[in-house]
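Following: one structure in structure tokens, then a few remarks.
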Amino acid sequence: MATELKIDIVSDVSCPWCIIGFKALQEALQKVAPDITASIEWQPFELNPQMPPEGQDITEHITQKYQISEQQAEQNRDVIKQRGLSVGYEFGNRGGGRIYNTFDAHRLLHWAKTQGKQTELKLALFDLYFKNSGDPSDHEQLLETAKSVGLDEAEAKKILESDLFVTDVRQLQQHYQSAGVQSVPAVIVNNKHLISGGQPAEVFQKALTQIAQEG
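In structure tokens form, the structure reads like this:
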């Protein structure tokens, strides 16, 4: 009989390690199937909650935030690019570009969960930002992305133009922060087992197998 695990992934749509980690998790789940299955929900985390509407140059942002040189930032990008390729995800040109506020994207993701489209929207938002150098704070781009995965564009527009789900998203953010999540991705299995960071598939596979055996 298959064991179903509940998996919550705390992440941001502008976090490269989040898509790397998800791709590795997917690979691990394929390897443990059909004995272990999973229901996945995405939980909100903002890497830059104070980011102004116009965003910030990404190199400027990274060097300031982490107190590193431009050369180190470039090296980090190369590492991320290679890790992405190793799990089948090709990052676009993120050597330049900007980083943006993602709160409205999280509101749409919260709604998409009720529509059974949360993972589809999350992956499309990753692609918007990382593959297409898009702006996940721009309402037109968010609407186009929602529409592309089959979500109702008029309903999405109504959400973005109101304060719907603002409180829900804030409460979820506070919940996971108070539970100790300070960086993402944070993969939480059955509400108690934490796997931090964009781990390789083998790490996820071992952890999922052990958790399933615990019952």
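215 is the number that the UniProt record's numbering gives the last residue of the sequence shown; the numbers go up by one with no jumps.
Using N, Cα and C, we set each Cβ at its ideal position, and we do this for glycine too.
Here the structure is a predicted model, which means the values were calculated and not measured.
{"Item": "Environment of Glu46 [buried if 16+ CB atoms lie within 10 Å]", "Value": "buried"}
{"Item": "Distance between Val32 and Ala38 (C-alpha atoms, nearest Å)", "Value": "10 Å"}
{"Item": "Within 7 Å, strictly: CB atoms of Leu125 and Val10", "Value": "no"}
{"Item": "Where the beta strand (DSSP E) through Leu128 begins and ends", "Value": "From DSSP, Leu128 is part of no beta strand (DSSP E); its letter is neither H nor E."}
{"Item": "DSSP bridge partner residues for Ser137 (one or two, in chain order)", "Value": "Bridge partners of Ser137: none, in fact."}
{"Item": "For Glu155, three-class secondary structure by DSSP", "Value": "helix"}
{"Item": "Selection from Lys206, Pro200 and Leu5 that minimises the alpha carbon distance to Cys18", "Value": "Pro200"}
{"Item": "Start-to-end residues for the alpha helix (DSSP H) that takes in Ile68", "Value": "Counting along the chain, Ile68 falls outside any alpha helix (DSSP H), and DSSP gives it neither H nor E."}
{"Item": "Glu41 - DSSP class collapsed to helix/strand/coil", "Value": "strand"}
{"Item": "Ser133 to Asp127 span [Cα, whole Å]", "Value": "8 Å"}
{"Item": "Beta-carbon gap between Gly198 and Gly88 smaller than 7 Å", "Value": "no"}
{"Item": "Same chain only: Cβ atoms within 7 Å of Glu90, ignoring 5 sequence neighbours per side", "Value": "Gly84"}
{"Item": "Complete beta strand (DSSP E) runs within the stretch 146 to 207 (minimum length 3 residues, chain order)", "Value": "186 to 189 and 193 to 196"}
{"Item": "Local Cβ density within 10 Å of Met1, reported as buried at 16 or more and exposed below that", "Value": "exposed"}
{"Item": "Pick from Gly116, Phe204 and Gln210 that is closest to Lys23, judged by C-alpha positions", "Value": "Phe204"}
{"Item": "Three-pair Cβ contact test at 8 Å for the stretch 96 to 108 versus the stretch 54 to 73", "Value": "yes"}
{"Item": "Spatially closest choice to Gln118 from Tyr176, Gly180, Pro44 and Lys158, by CA coordinates", "Value": "Pro44"}
{"Item": "Residues that Val10 bridges to, as DSSP identifies them", "Value": "Gln43 and Ala186"}
{"Item": "Ala154 classed as buried or exposed, judged by whether at least 16 other C-beta atoms fall within 10 angstroms", "Value": "exposed"}
{"Item": "Inter-residue CB distance, Arg5 and Val184 (contact presumed, cutoff 8 Å)", "Value": "Looking at the sequence itself, residue 5 is Leu, so the reference to Arg does not match. No, Leu5 and Val184 are not in contact; Cβ-Cβ is about 19 Å, not under 8 Å."}
{"Item": "DSSP three-state assignment for Asp57, whether helix, strand or coil", "Value": "strand"}
{"Item": "Neighbourhood of residue 219 by C-beta distance below 7 Å, restricted to the same chain and skipping five residues each side", "Value": "There is simply no residue 219 to check, as the chain begins at 1 and stops at 215 in what is shown."}
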